[in-house]
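To keep things clear, I will list the structure first and then write my remarks on it.
Protein chains: 8
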Amino acid sequence: MEREALEQLLEGVRLGEMTVAEALERLRELPFEDLGYAKVDHHRALRQGFPEVIFCQGKAPEHVVAIVRSIRARSSLVLATRASRELYEAVHADAPEAVYHEPARIIQVGEPRPDPASKGAVLVISAGTADLPVAEEAAVTAEAAGCPVERLYDVGVAGIHRLLAHRQALDAARVLIVVAGMEGALASVVGGLVDKPVIAVPTSVGYGASFNGLAALLGMLNSCASGLVVVNIDNGFGAGYFAAMLTRL
Amino acid sequence: MEREALEQLLEGVRLGEMTVAEALERLRELPFEDLGYAKVDHHRALRQGFPEVIFCQGKAPEHVVAIVRSIRARSSLVLATRASRELYEAVHADAPEAVYHEPARIIQVGEPRPDPASKGAVLVISAGTADLPVAEEAAVTAEAAGCPVERLYDVGVAGIHRLLAHRQALDAARVLIVVAGMEGALASVVGGLVDKPVIAVPTSVGYGASFNGLAALLGMLNSCASGLVVVNIDNGFGAGYFAAMLTRL
Amino acid sequence: MEREALEQLLEGVRLGEMTVAEALERLRELPFEDLGYAKVDHHRALRQGFPEVIFCQGKAPEHVVAIVRSIRARSSLVLATRASRELYEAVHADAPEAVYHEPARIIQVGEPRPDPASKGAVLVISAGTADLPVAEEAAVTAEAAGCPVERLYDVGVAGIHRLLAHRQALDAARVLIVVAGMEGALASVVGGLVDKPVIAVPTSVGYGASFNGLAALLGMLNSCASGLVVVNIDNGFGAGYFAAMLTRL
Amino acid sequence: MEREALEQLLEGVRLGEMTVAEALERLRELPFEDLGYAKVDHHRALRQGFPEVIFCQGKAPEHVVAIVRSIRARSSLVLATRASRELYEAVHADAPEAVYHEPARIIQVGEPRPDPASKGAVLVISAGTADLPVAEEAAVTAEAAGCPVERLYDVGVAGIHRLLAHRQALDAARVLIVVAGMEGALASVVGGLVDKPVIAVPTSVGYGASFNGLAALLGMLNSCASGLVVVNIDNGFGAGYFAAMLTRL
Amino acid sequence: MEREALEQLLEGVRLGEMTVAEALERLRELPFEDLGYAKVDHHRALRQGFPEVIFCQGKAPEHVVAIVRSIRARSSLVLATRASRELYEAVHADAPEAVYHEPARIIQVGEPRPDPASKGAVLVISAGTADLPVAEEAAVTAEAAGCPVERLYDVGVAGIHRLLAHRQALDAARVLIVVAGMEGALASVVGGLVDKPVIAVPTSVGYGASFNGLAALLGMLNSCASGLVVVNIDNGFGAGYFAAMLTRL
Amino acid sequence: MEREALEQLLEGVRLGEMTVAEALERLRELPFEDLGYAKVDHHRALRQGFPEVIFCQGKAPEHVVAIVRSIRARSSLVLATRASRELYEAVHADAPEAVYHEPARIIQVGEPRPDPASKGAVLVISAGTADLPVAEEAAVTAEAAGCPVERLYDVGVAGIHRLLAHRQALDAARVLIVVAGMEGALASVVGGLVDKPVIAVPTSVGYGASFNGLAALLGMLNSCASGLVVVNIDNGFGAGYFAAMLTRL
Amino acid sequence: MEREALEQLLEGVRLGEMTVAEALERLRELPFEDLGYAKVDHHRALRQGFPEVIFCQGKAPEHVVAIVRSIRARSSLVLATRASRELYEAVHADAPEAVYHEPARIIQVGEPRPDPASKGAVLVISAGTADLPVAEEAAVTAEAAGCPVERLYDVGVAGIHRLLAHRQALDAARVLIVVAGMEGALASVVGGLVDKPVIAVPTSVGYGASFNGLAALLGMLNSCASGLVVVNIDNGFGAGYFAAMLTRL
Amino acid sequence: MEREALEQLLEGVRLGEMTVAEALERLRELPFEDLGYAKVDHHRALRQGFPEVIFCQGKAPEHVVAIVRSIRARSSLVLATRASRELYEAVHADAPEAVYHEPARIIQVGEPRPDPASKGAVLVISAGTADLPVAEEAAVTAEAAGCPVERLYDVGVAGIHRLLAHRQALDAARVLIVVAGMEGALASVVGGLVDKPVIAVPTSVGYGASFNGLAALLGMLNSCASGLVVVNIDNGFGAGYFAAMLTRL
């Protein structure tokens with residue numbers, strides 16, 4: 000896209016439809032909208048096939064509401080992650096069609112459309128019940144991108160038969176997301192069982208020497224299984240986004 | 000494969016061709032070869048579409064030679080990573096067709112065959128000249144899996160025009176691997192420029208507060224770019240393996 | 000147990016009482032109950048001689064109540080650890096026989112039965128008064144497993160005569176649990192005095208450079224005493240469970 | 000200044016206007032005011048060309064009010080950083096001309112005067128909206144020192160075109176401050192684009208493996224860009240102060 | 000033992016066979032031999048049922064030779080751990096019956112006698128070939144204590160069928176030692192499969208973010224499996240010693 | 000003291016005034032009082048010349064009240080450190096003579112008596128106003144031990160003339176305590192100026208990369224000044240106790 | 000420069016002297032030379048007023064020799080940092096005018112010219128003799144940029160009179176670089192004495208809890224002195240480069 | 000001393016024997032000798048009652064030889080710590096009376112004289128044989144300061160009776176130094192047994208999670224014993240220096 004824009008611009012200069020000074024000016028007018036405190040990136044959907052997602056943590060509620068409004072004006076779907084229920088209510092007052100995915104802590108405005116390019120499903124696996132919010136963040140994100148999502152929760156390695164009983168689900172997926180806290184061993188075990196891309200998400204679930212997810216993170220980074228990559232602690236969004244991208248490859 | 004084996008087994012029991020005791024025994028005879036110090040996993044090529052790869056670090060040279068011999072007996076291609084030149088010479092004495100990828104520190108026995116399922120190329124990008132060994136480990140690994148590989152080296156962010164000058168190469172790739180030490184910022188920049196899966200490999204290149212790659216690792220895990228995942232410090236093999244897997248999706 | 004189940008299954012196939020398809024299906028029907036957000040593992044009591052224990056931290060109260068109900072239906076004893084008093088009240092409303100061990104933060108539903116296989120007592124030693132909650136978690140857990148428990152609290156090494164005065168108690172125990180925060184030196188001292196298994200539990204008690212139990216954890220891991228093993232920071236449950244297991248050996 | 004005072008003192012001794020004992024006594028009477036809990040340093044404005052700044056964190060409100068009063072008596076401008084709105088209200092009751100810079104969390108009493116020695120502007124760049132408070136702390140501090148300040152917010156590297164679109168602003172500044180959390184890569188990118196001093200401020204914005212700003216801090220310290228220095232995590236004040244100093248060089 | 004000695008002493012005082020001064024003196028004469036640089040603890044075999052073991056790291060070779068000689072004079076079996084081959088040769092010159100367990104890096108002088116109190120075997124499991132030295136240190140130590148030892152090596156979770164194929168070996172053991180580097184997930188998996196004490200030994204095998212065994216250590220400490228305890232990184236001796244103690248319970 | 004007790008005991012046995020069994024029993028009856036949750040150590044005043052001090056953090060208020068009561072029964076002075084005002088009120092209700100040192104967070108019951116053995120004063124120096132609570136904990140503790148205490152607060156190295164102006168105070172002290180957060184450099188500077196024992200107390204005052212006092216702790220441990228020792232972060236009590244001990248040497 | 004190039008290019012398109020396709024091609028031809036393993040950035044001297052500097056650590060000697068040759072062809076001065084004497088000899092064989100700054104470990108090819116824009120001197124201060132290599136790296140770098148440099152070595156805070164005796168040197172400098180290992184307190188003390196920009200360089204000099212420079216780094220980042228910024232551990236080059244930039248402001 | 004010098008100077012100015020300019024000049028001529036790379040501090044013996052000690056680590060041999068020569072010219076005793084045997088030989092060639100304390104790695108030139116002010120002995124206690132070098136560094140340093148030193152080595156807590164057997168030695172000392180690696184628990188135990196100042200020296204002895212002495216350091220900092228202070232890891236010199244200072248109090 001950007002390439003075409005550039006060609007068009009140069010073409011305009013060549014044809015004398017645009018002066019050099021205008022062209023220089025234009026090169027600076029890239030398609031983001033400046034709200035002062037934020038520069039909303041409307042090009043992103045074009046560039047990356049996914050709407051701008053608002054990471055709400057640390058942002059003032061009124062800013063989030065305004066950014067949502069700015070994006071809705073041009074896009075059929077907006078996601079706001081790490082959003083509290085209070086924030087949802089502020090957004091909902093302004094955008095009545097907004098819905099709140101409670102465990103995922105995601106506000107969604109507009110409906111995702113199934114992506115015809117998606118060639119298979121994402122399977123989200125979680126080790127324990129306490130990992131559910133991060134797993135749901137991943138699942139809702141992938142669904143927003145229009146790809147089918149399956150869930151397989153509470154199948155941690157302490158009772159490995161629970162996982163082995165679902166071999167078929169593992170085999171049916173195109174991409175797997177494994178969400179686990181504590182020692183994060185589930186990612187290695189899944190990675191050893193399948194010949195599919197596995198995206199490991201360490202969570203901050205645990206206590207003591209889990210050091211808020213560090214143990215799981217290091218465990219996953221050092222996994223002896225091949226075909227396994229890692230995202231930041233509790234980064235369900237990143238995993239869901241990456242998985243959706245893979246289903247379109 | 001495993002599923003069929005199990006069906007066959009059960010079928011055998013049903014038909015009375017096999018006693019229950021025999022079946023129990025068989026379930027234990029899985030297709031790996033026990034060398035005592037190592038259990039070579041011949042099934043892996045079947046299960047994961049890639050030959051067993053020998054991680055040489057910490058293994059006795061005579062063990063590596065024996066494991067290579069065991070795998071060669073059944074497979075047309077063996078890789079041995081983290082291999083010194085000395086180790087290569089020991090392997091070469093036993094397997095004259097072995098070649099040594101010096102900067103990648105990989106011993107390769109046999110020739111990779113282009114994978115017809117591969118739908119595009121892997122682009123390996125490195126930030127600096129010192130990151131070359133890890134970048135080459137990634138590139139040689141992906142080539143061993145039969146997929147085309149492009150290289151774009153020494154394009155760190157301190158002179159970002161060097162990277163921007165290669166936008167076409169970024170656009171042509173199906174999957175990108177970014178190898179960077181020090182602060183690892185190149186991964187974020189590349190991740191912001193493309194709508195492709197980016198696999199970030201932190202390296203231990205740096206000094207002082209790089210803490211042997213920790214700075215780059217944390218930087219990549221915290222990247223604000225979407226569509227970016229991370230592997231262990233210096234894990235060129237893991238990135239190459241994962242990237243190859245994605246070209247077959 | 001699992002083995003018998005498998006034999007029975009194969010036997011059924013051999014006798015034609017079950018088709019191969021049915022057998023495949025069955026292999027997937029393992030004895031856990033799927034509550035959606037959780038897979039309750041009723042087999043665990045059979046597999047590991049201990050009821051399913053619910054780790055409450057990070058779980059929604061209504062989920063805990065439902066899991067307790069599910070386990071009670073098949074088991075005479077349920078433990079829920081890391082439980083607040085509020086959570087206890089929610090459980091108690093549903094299960095009136097539930098009792099709350101306040102300092103241990105454990106909800107117990109049903110009565111433990113003395114384990115006839117238990118060959119001796121567990122002695123729980125704590126360094127300071129502030130370590131009491133973790134020590135009690137260990138003690139209540141071991142009691143739930145049916146083994147006798149003795150307590151020896153507030154005998155830290157700053158006044159080592161308090162410990163030496165109880166040599167007889169040390170000698171009478173079969174297994175010892177040492178619970179200590181700060182520098183955790185008590186574990187080494189006890190380990191040097193007895194010829195018994197010592198399970199060391201670092202606690203997060205302390206301040207400054209205790210780094211939430213890290214100092215005690217490292218101290219215990221580096222103990223120069225033999226016959227000493229370590230569990231996670233504040234993991235009284237793990238120590239109590241392991242100790243109870245040892246009294247049955 | 001101190002030198003002159005010393006010369007004057009010695010001169011007084013030489014002229015017999017002052018006894019040796021008196022001189023010794025005087026050497027102890029340096030120009031700070033002792034409030035008991037604090038020694039207010041009125042000499043600082045003379046020594047360092049900047050009024051005493053009160054770092055409020057950890058100080059009792061009544062102490063802050065008294066220190067403000069002590070400084071106002073001799074100085075036309077006082078800053079109090081890391082100040083809550085509550086603290087502001089306490090100061091305001093005593094000093095009605097006090098104003099509160101909300102996002103910067105700075106109380107300002109008195110008006111800054113443009114510094115005639117200032118030879119150019121400070122450009123404060125921030126990566127994301129959540130970095131705004133730290134960026135504002137830097138901007139308000141530099142303004143208090145009397146130098147012109149420009150702001151360029153929300154131009155993180157995930158959408159690098161937003162930054163590249165403002166090349167002219169980068170070129171116009173004399174000194175740049177880059178405020179970024181998460182992986183902090185923006186500092187390296189800016190450092191690679193300009194031939195100006197860049198002061199990098201890591202922020203604690205982020206989650207998971209950002210470890211409260213450690214990732215950004217390490218990233219910035221390891222930057223491969225030259226001409227880049229670093230201050231403490233969230234230390235907007237330190238960056239603003241240093242930048243203002245540079246505009247007067 | 001100590002108690003009897005004390006009774007005897009007091010009895011001697013009572014009977015006037017010993018003066019108070021002599022008794023005071025005696026209380027200081029405890030049964031260790033002072034070599035100046037080392038105090039050899041001959042009582043230890045009595046107190047803890049195991050000969051004094053010499054940890055060689057950091058000790059001068061001539062000191063080790065002398066300590067070995069001192070212990071041999073009273074004990075039928077001496078172990079020296081973390082011993083290089085050079086050290087072994089120095090010891091062997093003085094003690095011709097000494098043997099060297101190469102991979103375990105242990106010097107053994109004298110023959111272990113099967114312990115009649117031992118009620119079952121120790122199973123030592125290792126994840127990879129590179130973990131072998133630590134696994135052997137554990138195995139040789141347990142054998143020195145007179146208990147039967149089984150070995151199951153190279154069964155890491157990346158190919159979990161290799162482990163599952165040996166369920167019978169797991170079931171046959173009384174105590175299990177799991178030795179693993181990298182992410183250490185094998186310990187959790189084994190811990191979830193058996194109802195036996197599992198002693199987890201993290202090793203320093205790995206690279207990058209394994210941080211010399213820290214990843215495996217944290218993984219094992221945070222294991223979600225019950226019945227699992229941990230020793231220091233690479234502490235094969237400690238695991239073997241503890242396991243042997245458990246077979247005698 | 001203990002030695003005399005032992006002599007007396009043995010003497011009693013020798014004279015037949017006590018049976019061996021009684022003597023054994025007595026050896027166990029050491030002078031601490033068992034409150035169940037705590038073993039109050041009345042011997043400590045004898046052994047260490049200082050009353051039992053209650054570290055309140057993590058203890059239940061009713062326990063603290065009871066321990067205070069137990070000590071008061073035999074001692075003229077009790078200190079309770081890390082005590083909130085709420086706790087003080089609970090203690091005061093039971094012990095009306097209790098006073099509360101607000102900034103030091105210490106409850107004191109009874110009056111300290113000047114220690115005639117004290118040969119000089121302790122000088123407590125603090126770097127900033129926010130370090131005051133820790134400095135006061137040190138000062139009040141040393142005063143409780145009966146030694147004279149001087150205070151010199153807010154003399155951090157950013158304005159080193161404030162410190163140099165008080166050289167006489169430094170010279171007059173017998174022992175110095177330096178309390179500093181942030182980078183803790185004050186300790187090195189003081190250590191370089193005096194030929195007296197300097198006890199450095201890092202505080203958790205600071206932000207960002209101070210990591211709750213770690214920066215100050217490491218700075219002080221690595222001080223290039225001789226004659227300087229360190230206690231735990233925020234451990235004003237430990238410094239005051241040690242300093243008081245030194246004034247009696 | 001880049002702007003002019005762009006204008007020229009657009010002008011060429013406008014005038015029809017260049018086709019759009021050619022222009023697109025040209026945008027990719029940026030002025031760096033591609034040696035395959037390295038992209039030498041000849042534009043840097045133009046962009047940043049300083050020749051390309053070769054960081055030698057981790058680069059193959061033949062690569063360094065070739066890069067030096069490439070730069071010499073267009074630039075009158077080349078620096079190669081972190082260079083061993085062996086590397087110097089290889090470069091010298093190819094470039095006979097190369098000189099080696101031994102303690103600074105810098106190879107210099109060509110002579111620096113005094114920079115007429117430089118408005119004052121850089122003063123490099125070091126705490127101890129062992130910090131000399133890093134201090135010299137800073138000094139030689141600043142000299143290469145053409146600015147006058149003064150040195151003041153071995154004036155650590157343990158004997159603060161050594162520093163105070165040189166107040167005049169501090170006052171005469173325009174910019175100060177403070178190089179210190181261990182606790183790094185010298186930076187804070189200097190920062191408190193002057194009203195000049197201070198660039199603090201932590202060094203890895205020290206032992207024990209200096210953790211290879213971490214203590215000094217944290218100390219400097221947390222400095223309570225204003226007007227102080229920090230570079231990476233041992234980064235003398237970065238400090239010298241930044242200081243030289245400031246003398247031209 | 001410094002005070003008198005100042006008085007004399009002022010007196011000289013008053014009497015007209017010295018001009019103000021001369022006086023200013025003199026204030027800069029403090030008594031250290033400038034060797035260029037080092038400023039030898041001859042005043043130190045006067046200021047701190049101990050000769051300048053040369054910390055050799057990181058210094059060039061020729062520099063050490065020259066500094067020794069400079070100090071010998073004015074002082075009867077020189078110590079050089081962290082000195083290799085090679086360095087000793089270089090010093091010895093220049094200063095034939097030099098002796099080498101092998102385990103302590105200290106070069107001593109000249110004989111210490113018993114300090115008549117010393118009021119008691121220093122007892123150096125070490126936990127294990129491998130801690131000997133650090134313990135000897137402490138002992139030789141204290142002896143150099145002229146105070147009597149006793150040694151009690153290899154009395155670690157794993158066999159606490161070895162320590163308890165030496166209660167008399169503990170009671171006889173005026174100051175105790177406890178040197179221990181691994182978990183460092185010996186310091187707490189000794190601190191709980193005596194009413195004397197205890198200086199704890201963590202050593203880097205250990206492996207795995209000892210993290211080069213971090214475990215011992217944290218353990219000692221968190222000691223629950225009062226009257227205990229800590230120095231840097233392996234800092235035998237600092238402990239010996241501080242202890243000697245205490246014997247003169």
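Residue numbers (numbering that gives the first Met the number 0), protein chains in the order written: chain A, 0 to 248; chain B, 0 to 248; chain C, 0 to 248; chain D, 0 to 248; chain E, 0 to 248; chain F, 0 to 248; chain G, 0 to 248; chain H, 0 to 248. Ideal placement from N, C-alpha and C gives every residue a C-beta, glycine not left out.
Kindly give me the distance between the Cβ atoms of ALA208 of chain C and ALA199 of chain C, rounded to whole angstroms, as I take these residues to be in contact under 8 Å.
What you label residue 208 of chain C is simply residue 209 of the third sequence in a count that begins at 1. What you label residue 199 of chain C is simply residue 200 of the third sequence in a count that begins at 1. In fact, because the Cβ distance is near 19 Å, the residues do not count as touching under 8 Å.
Helix, strand or coil at ARG112 of chain D [DSSP, three-state]
The residue labelled residue 112 of chain D in the question sits at position 113 within the fourth sequence. Residue state, collapsed to three classes: coil.
Are the beta-carbon atoms of VAL177 of chain H and LEU169 of chain H separated by less than 8 Å?
On the eighth sequence, residue 177 of chain H is found 178 positions in, with the first residue counted as 1. On the eighth sequence, residue 169 of chain H is found 170 positions in, with the first residue counted as 1. Not closer than 8 Å, so no.
I'd like to check one pair, VAL123 of chain C with ALA138 of chain C: are the Cβ atoms closer than 8 Å?
Sequence index remark: in the third sequence, residue 138 of chain C carries index 139 (1-based). Sequence index remark: in the third sequence, residue 123 of chain C carries index 124 (1-based). It is a contact, given that the beta carbons lie within the stated cut-off.
Can you confirm whether ALA208 of chain H, when its beta carbon is compared against all beta carbons of chain E, has any partner nearer than 8 Å?
Start at 1 with the first residue of the eighth sequence, and residue 208 of chain H comes out as number 209. Nearest CB-CB separation between ALA208 of chain H and chain E: below the 8 Å threshold.
Opposite LEU122 of chain C in the DSSP bridges: which residues?
Here residue 122 of chain C is taken as the residue at index 123 of the third sequence, counted from 1. Under DSSP, LEU122 of chain C forms a beta bridge with C:GLU149, C:LEU175.
Helix, strand or coil for THR18 of chain E per DSSP?
As a first step, residue 18 of chain E must be located in the fifth sequence, where it is residue number 19. Taken through DSSP and simplified to helix, strand or coil, THR18 of chain E comes out as coil.
If you follow the alpha helix (DSSP H) that PRO132 of chain F is in, where does it begin and where does it stop?
Walking along the sixth sequence from the start, residue 132 of chain F turns up at place 133. 131-143 is the extent of the alpha helix (DSSP H) around PRO132 of chain F.
ILE159 of chain C touches chain I at which residues, Cβ-Cβ below 7 Å?
Note that chain I does not occur in the displayed structure, where the protein chains are A, B, C, D, E, F, G and H.
Quick one: which chain C residues come within Cβ less than 9 Å of ALA82 of chain A?
Reading the first sequence from its first residue, position 83 is the one you call residue 82 of chain A. Simply none; closest approach about 19 Å.
Pop quiz: VAL228 of chain D and VAL63 of chain G are said to be a contact at Cβ under 8 Å. What is the actual Cβ separation, rounded to whole angstroms?
On the fourth sequence, position 229 is the one that residue 228 of chain D refers to. On the seventh sequence, position 64 is the one that residue 63 of chain G refers to. Not quite, the Cβ-Cβ distance comes to about 27 Å (not below 8 Å), so this is no contact.
Please report the Cβ distance between ALA224 of chain G and VAL121 of chain G, rounded to the nearest whole angstrom; I am assuming they are in contact, meaning their Cβ atoms lie under 8 Å.
Sequence index remark: in the seventh sequence, residue 224 of chain G carries index 225 (1-based). Sequence index remark: in the seventh sequence, residue 121 of chain G carries index 122 (1-based). No, ALA224 of chain G and VAL121 of chain G are not in contact; Cβ-Cβ is about 18 Å, not under 8 Å.
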